[in-house]
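Engineer:
Numbering (my numbering), first residue to last: 660 to 893.
1. Which same chain residues end up closer than 8 Å to residue 699 when comparing Cβ atoms and leaving out the 5 residues on each side of it in sequence?
2. Compute the distance between the beta-carbons of residue 688 and residue 668, then report whether it is under 8 Å.
3. Would you list the one or two residues that DSSP bridges to residue 676?
4. So, is residue 794 buried or exposed, given that buried needs 16 or more other C-beta atoms within 10 angstroms?
5. Thinking just about the alpha-carbon of each residue, which of 861, 690, 867 and 863 is nearest to the one in residue 803?
6. Just how far apart, CA to CA, sit residue 758 and residue 683?
7. Apart from the five residues on each side of it in sequence, which residues of its chain come closer than 7 Å, Cβ to Cβ, to residue 756?
8. Let's test the definition: count the other Cβ atoms within 10 Å of the Cβ of residue 749 and tell me whether it reaches 16, buried, or not, exposed.
9. Skipping 5 residues on each side, what residues in its chain have a beta carbon closer than 8 Å to that of residue 849?
10. Could you pull out every residue in the same chain whose Cβ sits closer than 7 Å to the Cβ of residue 771, ignoring the five residues on either side in sequence?
11. Where residue 897 and residue 746 are concerned, what is the direct C-alpha to C-alpha distance, given to the nearest angstrom?
12. For the alpha helix (DSSP H) holding residue 700, just list the boundary residues, first then last.
13. Residue 764 bridges to which residues according to DSSP?
14. Under the three-state reduction of DSSP, which class applies to residue 815: helix, strand or coil?
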């Protein structure tokens with residue numbers, strides 16, 4: 660990675676105070692994946708960047724430094740701040756935590772950046788909320804090298820009349836209590852017309868993502884279960 664990068668599209672994933680007036684910020688960027696940096700002086704009352712370092716705000720950022728922790732040199736807004744509430748905000752918190760937990764700093768994931776930008780845009784439409792989140796999860800898995808391939812573990816095609824469980828790193832195996840094959844084939848085509856498809860996708864994606872997270876629970880899910888947010892956990 661070059662020691663100096665200019666005008667990189669980015670979104671804030673997480674920010675926390677650092678020293679008296681600065682902040683440590685994690686970003687998702689277009690060409691360099693997750694970047695962690697120091698925003699010096701950003702917490703001063705007269706800082707012009709103070710209001711920019713929040714989730715959802717599309718940015719262009721510049722930084723310098725050869726270590727994993729960069730020094731931010733410029734922050735500019737490059738679009739309006741979408742107005743999200745309730746379940747949509749819950750989805751953003753969840754997506755941000757997944758990226759922070761699973762994407763290594765400096766690992767280029769341009770398709771995931773584009774899917775994240777699309778997610779934020781689609782979350783403004785309640786009807787698109789869950790399909791958008793499931794599509795984001797699929798792109799995350801693909802970016803990590805664990806794409807969901809809608810085939811049986813044996814390599815055979817999914818039988819629409821069958822039922823299947825998903826085994827991590829193996830694929831789909833026949834199980835009479837599993838997800839109907841017709842739903843899996845619909846999901847492969849991004850077809851959400853069957854009302855059962857959303858629940859099936861949620862079950863499938865949790866089975867695929869949980870092994871990557873390990874034993875440490877997601878804080879965003881804990882907040883939902885503890886009643887901090889009224890929306891159901893993603």
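We put the beta carbon where it would ideally sit given N, CA and C, even for glycine.
Structural biologist: Inspection of the coordinates gives the following:
1. Counted from its first residue, the chain shown places residue 699 at position 40. Non-local C-beta neighbours of residue 699 in its own chain, meaning closer than 8 Å and more than five positions away in sequence, comprise 680, 681, 730 and 731, ordered along the chain.
2. For the purposes of this step, residue 688 is identified with residue 29 of the chain shown, where counting begins at 1. For the purposes of this step, residue 668 is identified with residue 9 of the chain shown, where counting begins at 1. Contact: yes.
3. For the purposes of this step, residue 676 is taken as the residue at position 17 of the chain shown. Looking at the DSSP output, residue 676 bridges to 682.
4. Sequence index remark: in the chain shown, residue 794 carries index 135 (1-based). When all chains shown are included, residue 794 counts as buried.
5. Here residue 803 refers to the residue found at position 144 of the chain shown. For residue 803, the closest C-alpha among the options 861, 690, 867 and 863 is that of 867.
6. Working through the chain shown from its first residue, we reach residue 758 at position 99. Working through the chain shown from its first residue, we reach residue 683 at position 24. Cα to Cα, residue 758 sits roughly 16 Å from residue 683.
7. Taking the chain shown and counting its residues from 1, one reaches residue 756 at position 97. Contacts found: 877, 878 and 879.
8. Residue 749 sits at position 90 when you count from the first residue of the chain shown. Looking at its Cβ environment, which holds 16 or more other Cβ atoms inside 10 Å, residue 749 is buried.
9. Here residue 849 refers to the residue found at position 190 when the chain shown is read from its first residue. Around residue 849: 790 and 794.
10. Taking the chain shown and counting its residues from 1, the one referred to as residue 771 is at position 112. For residue 771, where only same-chain residues beyond five positions count, the Cβ hits under 7 Å are 798, 799 and 802.
11. Not covered by the structure: residue 897. The range shown for the chain is 660 to 893.
12. Here the question's residue 700 lines up with position 41 in the chain shown. That residue, residue 700, is in no alpha helix (DSSP H); it is neither H nor E in DSSP.
13. If you number the chain shown from 1, residue 764 lands on position 105. Beta-bridge pairing links residue 764 to 692 and 693.
14. Locating residue 815 in the chain shown gives position 156, counting from the first residue. Looking at residue 815 - three-state DSSP - the assignment turns out to be coil, as it is neither helix nor strand.
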